[in-house]
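Student: Position 33, counted from 1, in the sequence shown is what the numbering used here calls 33; the numbers after and before it change by one each time, with no gaps.
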Amino acid sequence: MWFVYILQCEDESFYTGMTNNLKQRFSDHRNGKGGHYTRTHTVNKFLYSEGFETKGGALKREAQIKGWRREKKLNLI
Numbered sequence: 001m002w003f004v005y006i007l008q009c010e011d012e013s014f015y016t017g018m019t020n021n022l023k024q025r026f027s028d029h030r031n032g033k034g035g036h037y038t039r040t041h042t043v044n045k046f047l048y049s050e051g052f053e054t055k056g057g058a059l060k061r062e063a064q065i066k067g068w069r070r071e072k073k074l075n076l077i
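1. How many Å lie between VAL4 and HIS41 at the Cα?
2. Using a threshold of 8 Å, state whether the C-beta atoms of GLU62 and GLY17 are closer than that.
3. Quick one: give me the first and last residue of the beta strand (DSSP E) that LYS55 is part of.
4. Exposed or buried, which one is ILE65 when buried takes at least 16 other CB atoms within 10 Å?
5. State buried or exposed for ILE6, treating a residue as buried only when at least 16 other CB atoms are found within 10 Å of its CB.
6. Assign ASN29 to one of two classes, buried (16 or more other C-beta atoms within 10 Å of its C-beta) or exposed (fewer than that).
7. Which residue wins for smallest C-alpha separation from TYR15, given the options LYS23, MET1, GLY51, GLY34?
Pasting the structure below:
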């Protein structure tokens, strides 16, 4: 199963990503081994996730959410 997730950073910005292992990926982000953005913006907390049967489905949803403004992400969360 694949997941799209939203994290909040210490500066209150959001990071949206995709993985097939939520626990490991969150740990990676917290330990500075995640995406470039979370290496420079410390992750504060896990806010949201959605599950998908296919990687393609998760990729499409990740792209959709990344295109949203903050307010729309807050409504989703």
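Ideal placement from N, C-alpha and C gives every residue a C-beta, glycine not left out.
Tutor: Working from what's here:
1. When rounded, the distance between both Cα atoms is 19 Å.
2. The Cβ atoms of GLU62 and GLY17 sit closer than 8 Å to each other.
3. Run containing LYS55: none in the beta strand (DSSP E); it sits in the alpha helix (DSSP H), 55-66.
4. ILE65 is buried by the Cβ-count criterion.
5. A buried status is given to ILE6, since no fewer than 16 other beta-carbon atoms sit within 10 Å of its beta-carbon.
6. First, the residue type needs correcting, since residue 29 is His and not Asn in the sequence shown. Looking at its Cβ environment, which holds 16 or more other Cβ atoms inside 10 Å, HIS29 is buried.
7. If we check each option's Cα against that of TYR15, GLY34 comes out closest.
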